[in-house]
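Chemist: The UniProt record's numbering puts the first residue of the sequence shown at 1, with every later residue one more than the last. Glycine included, each C-beta is placed from N, C-alpha and C at the ideal position. Remember, it's a predicted structure, so these values are computed and weren't measured experimentally. Structure provided below as structure tokens; questions to follow.
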Amino acid sequence: MFGLTRRDLFASGTGLLLVGTMLKPSPAEASAPFPLHLSDAQWRKRLNPAAYAVLRRAGTERPGSSPLNAEKRRGSYGCAGCGNVLFRSEARFESGTGWPSFYRAKAGAVRTRADRSLGFTSRTEVACARCGGHLGHLFDDGPKPTGLRYCMNGVALSFRPA
Numbered sequence: 001m002f003g004l005t006r007r008d009l010f011a012s013g014t015g016l017l018l019v020g021t022m023l024k025p026s027p028a029e030a031s032a033p034f035p036l037h038l039s040d041a042q043w044r045k046r047l048n049p050a051a052y053a054v055l056r057r058a059g060t061e062r063p064g065s066s067p068l069n070a071e072k073r074r075g076s077y078g079c080a081g082c083g084n085v086l087f088r089s090e091a092r093f094e095s096g097t098g099w100p101s102f103y104r105a106k107a108g109a110v111r112t113r114a115d116r117s118l119g120f121t122s123r124t125e126v127a128c129a130r131c132g133g134h135l136g137h138l139f140d141d142g143p144k145p146t147g148l149r150y151c152m153n154g155v156a157l158s159f160r161p162a
């Protein structure tokens, strides 16, 4: 019978890559201090499991799974963790990706940093500037006037109608 042992896995280097990925700190832990700081227990109490997985552990929801994909009213989109207003509906566009997308964030509402969690490429992570919650990623393939696409996890957002 043939199989990989843990020793084989680590000897190949793959194990080290896996361990490094699993030990990756959450966005809030890896960044400069944020104005709102809560303990992990407080975040777990405040957020539902899906929102916790995305906002505090940098998870990604399934594309097309957010009710916000169908939201067409005027209003604002805030952080589901702390309520910080992040985007206005006027900056929203249909990207065809299955996630709510925006071409502009409210000034000072988000922070960005390099995300190398995939190992072979670098993306730009977007986090809430108030609580550090992971929101999604920023790409340079958006529409005019900015050419940017803030690709957000709907579970990380809350919508407030105008």
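Between residue 74 and residue 106, what straight-line distance do the alpha-carbon atoms span, to the nearest angstrom?
Modeler: Translated into the one-based positions of the sequence shown, residue 74 becomes position 74. Translated into the one-based positions of the sequence shown, residue 106 becomes position 106. Looking at the two C-alpha atoms, the distance is approximately 15 Å.
Chemist: Near residue 36, which residues of its chain fall below 6 Å by C-beta distance, leaving aside the five closest residues on each side in sequence?
Modeler: Taking the first residue of the sequence shown as 1, we reach residue 36 at position 36. So the qualifying residues of the chain are 82, 130, 131.
Chemist: How many Å lie between residue 151 and residue 34 at the Cα?
Modeler: Along the sequence shown, one-based indexing puts residue 151 at 151. Along the sequence shown, one-based indexing puts residue 34 at 34. Each residue's alpha carbon lies about 22 Å from the other.
Chemist: Grouping DSSP H, G and I as helix and E and B as strand, with all else coil, what is residue 56?
Modeler: Here the question's residue 56 lines up with position 56 in the sequence shown. In the structure shown, residue 56 sits in coil (DSSP, three-state: anything other than H, G, I, E or B).
Chemist: Out of 39, 127, 104, point me to the one whose CA is closest to residue 113's CA.
Modeler: As a first step, residue 113 must be located in the sequence shown, where it is residue number 113. Checked all of 39, 127, 104; the closest Cα to residue 113 is 127.
Chemist: Quick check on the DSSP output: the alpha helix (DSSP H) that includes residue 46 runs from which residue to which?
Modeler: In the sequence shown, residue 46 corresponds to position 46, counting from 1. Where residue 46 is concerned, the enclosing alpha helix (DSSP H) stretches over 40–46.
Chemist: To the nearest angstrom, report how far apart residue 50 and residue 111 are at their CA atoms.
Modeler: Here residue 50 refers to the residue found at position 50 of the sequence shown. Here residue 111 refers to the residue found at position 111 of the sequence shown. Between residue 50 and residue 111, the C-alpha separation is close to 22 Å.
Chemist: Given residue 124, which residues of its chain have a CB within under 7 Å of its CB, disregarding the five upstream and five downstream residues?
Modeler: Position 124 of the sequence shown, counted from the start, is the residue given in the question as residue 124. Closer than 7 Å at the Cβ level, and outside the excluded window around residue 124, lie 112, 114, 115, 137, 138.
Chemist: How about residue 149 and residue 66: do their beta carbons lie closer than 8 Å?
Modeler: Taking the first residue of the sequence shown as position 1, residue 149 is located at position 149. Taking the first residue of the sequence shown as position 1, residue 66 is located at position 66. No; because the gap between Cβ atoms is not below 8 Å, this pair is not in contact.
Chemist: Name, in chain order, the residues that DSSP records as bridge partners for residue 159.
Modeler: Numbered from its first residue, the sequence shown carries residue 159 at position 159. According to DSSP, which records beta bridges pairwise, residue 159 is partnered with 77.
Chemist: In chain order, what residues of the same chain lie with their CB nearer than 7 Å to the CB of residue 153, ignoring the 5 residues before and after it?
Modeler: Numbered from its first residue, the sequence shown carries residue 153 at position 153. Hits under 7 Å: 54, 60, 61, 99, 135, 136.
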